Amino acid sequence: MLPRLDYIKQLRIKLGLTQRKLAVQVGISASMINQIETGRCKPSYETAKKIFEFLSALEGKSSMKAADICSRTLVSVQKSESVHDAISKMRDYSISQLPVFEDGIVVGILSEDNLAKTIAESNNKNLSVMSIASVMEPPPPIVDLSTPAKALIPLVRFSKCVLVSETGNVIGIITLTDTLKMVE
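All you need for my numbering is the position in the sequence shown, starting with 1, plus 47.
Written as structure tokens, this is what we have:
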């Protein structure tokens, strides 16, 4: 089943296509596109299908991907570092979470929420000797840089952040703030 015909104009405009460009791509006249968009003519099923397939494919290509919204300045800590060092990094870079690595592999996440809880429950333990391994949370999800950004919003809301990888190497992080880039 195809979408309603009045979506053709909406999609075409959203994608920045002229009637002429759309017509050339699907093999019909610009006049025909105009008549379809104004409701003066109903295209055959095959023509409508061609139009929607082209617009859908183009929309998929133009949609933002994880690579477009991730922060590529990845500040991280090693599992063996102290909580005190992690807090210093978080302050220095004004960030709310740090991926935790061990031998180049993500093994956890350290968030300001969890740190606040740890500090409250620490009973004046010395943070400079407390290791990150003792307070880190499980690692966040890792997605490929080509993952559609819209698909990441529920994931980021649930897990606070998502790491972005390229050929198996973590290259960036997406937080709730980064998802706001899709609105720009």
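A virtual CB, placed ideally from N, CA and C, is assigned to each residue, including glycine.
Just so it is clear, the structure is predicted and the values come from calculations on it, not from any experiment.
Three or more pairs of CB atoms, one per stretch, sit closer than 8 angstroms, so the stretch 66-82 contacts the stretch 92-102. In the DSSP secondary-structure assignment, residue 146 is bridged to 156.
In the structure shown, residue 75 adopts coil according to DSSP, grouped into three states. For residue 210, the beta-bridge partners assigned by DSSP are 189, 220. Between the stretch 160-173 and the stretch 186-198, the count of C-beta pairs closer than 8 angstroms stays below three; the two stretches do not touch.
Under the DSSP assignment, residue 130 falls in the alpha helix (DSSP H) whose first and last residues are 130-140. Judged by beta-carbon spacing, residue 140 lies within the 7 angstroms limit of residue 122, meaning their Cβ atoms are closer than that value. In the same chain as residue 66, and ignoring 5 residues on each side of it, the C-beta atoms closer than 6 angstroms to its own belong to 77, 80, 81, in chain order.
In chain order, 223 place their CB closer than 8 angstroms to the CB of residue 204, counting only its own chain and leaving out the 5 sequence neighbours on each side.
Within 10 angstroms of the beta-carbon of residue 88 lie fewer than 16 other beta-carbons, which makes it exposed.
Only residues of its own chain outside the window of five on either side were considered, and among them 196, 229 have a CB closer than 6 angstroms to the CB of residue 111, listed in chain order. Cβ-Cβ separation between residue 134 and residue 147: approximately 14 angstroms, too far for a contact (criterion under 8 angstroms). Using a Cβ distance threshold of 7 angstroms, residue 211 and residue 200 do not count as a contacting pair.
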